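Chains as they are written, first to last, in our numbering: chain A, 1 to 217; chain B, 1 to 217.
First up is the structure itself, then whatever we jot down about it.
Protein chains: 2
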Amino acid sequence: MGRPASLSRASIIAAAALLVREQGVAALTARRLGEALGCDPTAVYRHFATMADLEREVGDRFLRAVDVRPRAGEGWRATTRRICVTLRRVQLRQPRLAALISAAPTRLANEMRITEALLRELARGGCSYTHAAASYHALIELAVGSAAIDAPIAAQPAAVRRRLYGEWRREYAKLPFARFPASVATSDQLYRGSAGDRFEAALDLLLDGIESRCSTR
Amino acid sequence: MGRPASLSRASIIAAAALLVREQGVAALTARRLGEALGCDPTAVYRHFATMADLEREVGDRFLRAVDVRPRAGEGWRATTRRICVTLRRVQLRQPRLAALISAAPTRLANEMRITEALLRELARGGCSYTHAAASYHALIELAVGSAAIDAPIAAQPAAVRRRLYGEWRREYAKLPFARFPASVATSDQLYRGSAGDRFEAALDLLLDGIESRCSTR
DNA sequence: TCAGTTTGTCAACAGTGTTGACAAACTGGC
DNA sequence: GCCAGTTTGTCAACACTGTTGACAAACTGA
Chain A
1 MGRPASLSRA
11 SIIAAAALLV
21 REQGVAALTA
31 RRLGEALGCD
41 PTAVYRHFAT
51 MADLEREVGD
61 RFLRAVDVRP
71 RAGEGWRATT
81 RRICVTLRRV
91 QLRQPRLAAL
101 ISAAPTRLAN
111 EMRITEALLR
121 ELARGGCSYT
131 HAAASYHALI
141 ELAVGSAAID
151 APIAAQPAAV
161 RRRLYGEWRR
171 EYAKLPFARF
181 PASVATSDQL
191 YRGSAGDRFE
201 AALDLLLDGI
211 ESRCSTR
Chain B
1 MGRPASLSRA
11 SIIAAAALLV
21 REQGVAALTA
31 RRLGEALGCD
41 PTAVYRHFAT
51 MADLEREVGD
61 RFLRAVDVRP
71 RAGEGWRATT
81 RRICVTLRRV
91 QLRQPRLAAL
101 ISAAPTRLAN
111 EMRITEALLR
121 ELARGGCSYT
131 HAAASYHALI
141 ELAVGSAAID
151 APIAAQPAAV
161 RRRLYGEWRR
171 EYAKLPFARF
181 PASVATSDQL
191 YRGSAGDRFE
201 AALDLLLDGI
211 ESRCSTR
């Protein structure tokens, strides 16, 4: 009953995801989306209460790209690590979406799928329920938080990023030694490699801590 | 020379910080700031190139509250932990500021001060330069990332937060067991305690990992 | 005194999300 | 077949946002 819908939640989400993929998350506005859909911008409000609601759905849609199936012969730690690395990489592509998704659990399809996979792997590693939950929260905070932090810089081209990291290192090196001895001494090692490398190093440290409190080691 | 300034960078930052403290970061707009200062909104642009520039300064100003001095008899790990917990708590109060500050190192006064303190404590713990840098990045990603994630919920009153956490736990418990066995089994332990508790647990796991790779343990 | 500079004011532009009135287009009941 | 009711897209408008360029006030150095 009622006027036949030319739009649907699914078609709007698809168009929004395409828009984000092609023009970045800043392009996801009611007016541009209306243009992409060939309809009035406010038509979207017939299917989503607010633009933020739509953004949540688009964010979860991007999480489809996270493959959580353990590979043959892959231990729990390797699988967990891979899921976290992929999760961060996906979140990283869309700065504001990462912040939105992570603000509260969306409890949408893909988020649940990833949660289940991480808890499953932690159980496989011999974590107690309590430790699995704590470890899950720790992994998510690090992976999603890291994405939220690194996203703005990840949006720059690789050459620009490397130049920036170099500049920062030099700035730490040039600090007055009297007040910043540790910074000067360490400056050479700060912001080394890519943000992804630094995240993986952090993840490995965290996984060390998690593993050390598991029963089966 | 020139018309005498009734405004200054410092007075604007102070007014902006007050605005944020009293009405939240969403209130930090050119027009509201102008109203608070008793001047035209665009006068701010004589002292800051963009509103984002001003926000960075306000963000760094909040970091003044982080006390990095080691207390008597406090080991490197305890000091490091305390700095991270405080840093997160300060960042947490102002959602968007956290995101802005963390997007790129501001290299403003207080950020440098905190960096120096963390590197100093890690050195005290016997970390090599390489390990200290990696650990520093890991700690910052976790602390600031966690703040960015938790900030929207932290803005709610405590009672609302507890209710939300309870609702989420129940939602995980009600998932179909066939597809979400681990989530259902762990549901009772998810979102337990406050977000601060969960962060501190994550921090302890990370510190375990960091410590295990230090020379002096 | 007068030119030059700084600094605040004002109007305006191009955006943003969102709302409420309206109309088109369908379905179920008579 | 027609009419009421419902859904759904359109349109104008509101209240915001950051930011710019022209202008004027108020000072300093020559």
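Ideal placement from N, C-alpha and C gives every residue a C-beta, glycine not left out.
Since the structure is predicted, the reported quantities are computational estimates derived from the model, not experimental observations.
Give the straight-line distance between the Cα atoms of residue i and residue j, rounded to the nearest whole angstrom.
| i | j | result |
| --- | --- | --- |
| residue 188/A | residue 45/A | 52 Å |
| residue 12/A | residue 37/A | 8 Å |
| residue 217/A | residue 128/B | Confidence in residue 217/A is poor, its pLDDT being 48 and thus under 50, which makes the residue's placement unreliable; the coordinate value appears in the next sentence. For residue 217/A and residue 128/B, the distance between alpha carbons rounds to 26 Å. |
| residue 174/B | residue 186/B | 12 Å |
| residue 171/A | residue 196/A | 22 Å |
| residue 160/B | residue 148/B | 19 Å |
| residue 72/A | residue 130/B | 34 Å |
| residue 62/B | residue 110/B | 9 Å |
| residue 8/B | residue 157/A | 36 Å |
| residue 162/A | residue 194/A | 8 Å |
| residue 154/B | residue 204/B | 21 Å |
| residue 255/A | residue 123/B | Nothing about residue 255/A can be read from this structure; chain A reaches only from 1 to 217. |
| residue 1/A | residue 74/A | 52 Å |
| residue 77/B | residue 40/B | 49 Å |
| residue 66/B | residue 4/A | 59 Å |
| residue 210/B | residue 83/B | 16 Å |
| residue 132/A | residue 35/A | 46 Å |
| residue 64/A | residue 60/B | 37 Å |
| residue 50/A | residue 29/A | 11 Å |
| residue 85/B | residue 176/A | 27 Å |
| residue 93/A | residue 143/B | 21 Å |
| residue 169/B | residue 53/A | 22 Å |
| residue 126/B | residue 107/B | 26 Å |
| residue 70/A | residue 206/A | 20 Å |
| residue 6/A | residue 166/B | 39 Å |
| residue 182/A | residue 182/B | 44 Å |
Locate the alpha helix (DSSP H) running through residue i, then write down its first and last residues.
| i | result |
| --- | --- |
| residue 84/B | 76–92 |
| residue 165/A | 158–173 |
| residue 23/B | 9–23 |
| residue 50/B | Segment: none, residue 50/B is in no alpha helix (DSSP H) and carries neither H nor E. |
| residue 130/B | 129–154 |
| residue 197/A | 195–212 |
| residue 113/B | 109–124 |
| residue 184/A | 181–186 |
| residue 38/A | Looking at the DSSP string, residue 38/A is not in any alpha helix (DSSP H), and its letter there is neither H nor E. |
Please look up how many angstroms separate the CB atoms of residue i and residue j, rounded, as I've assumed it's under 8 Å.
| i | j | result |
| --- | --- | --- |
| residue 220/B | residue 88/B | The question about residue 220/B has no answer here: the residues shown for chain B are numbered 1 through 217. |
| residue 16/A | residue 33/A | 6 Å |
| residue 212/B | residue 208/A | 6 Å |
| residue 121/B | residue 79/B | 5 Å |
| residue 10/B | residue 19/B | So it is not a contact: roughly 15 Å between Cβ atoms. |
Determine the closest residue to residue i out of the options, with distance taken between C-alpha atoms.
| i | options | result |
| --- | --- | --- |
| residue 164/B | 183/B, 176/B, 191/B and 110/B | 191/B |
| residue 31/B | 42/B, 22/B and 25/B | 42/B |
| residue 134/A | 1/A, 25/A, 9/A and 214/A | 214/A |
| residue 25/B | 162/B, 136/B, 55/B and 183/B | 55/B |
| residue 139/A | 150/B, 202/B, 137/B and 80/B | 202/B |
| residue 218/B | 76/A, 151/A, 141/A and 206/A | In the structure displayed, chain B extends from 1 to 217; residue 218/B sits before or after that span and is not available. |
| residue 91/B | 19/B, 58/B and 121/B | 58/B |
| residue 119/B | 29/A, 6/A, 184/A and 27/A | 184/A |
| residue 178/A | 125/B, 28/B, 108/B and 116/B | 116/B |
| residue 136/A | 168/A, 81/A, 93/A and 167/A | 81/A |
| residue 68/A | 166/A, 168/A, 113/A and 125/A | 113/A |
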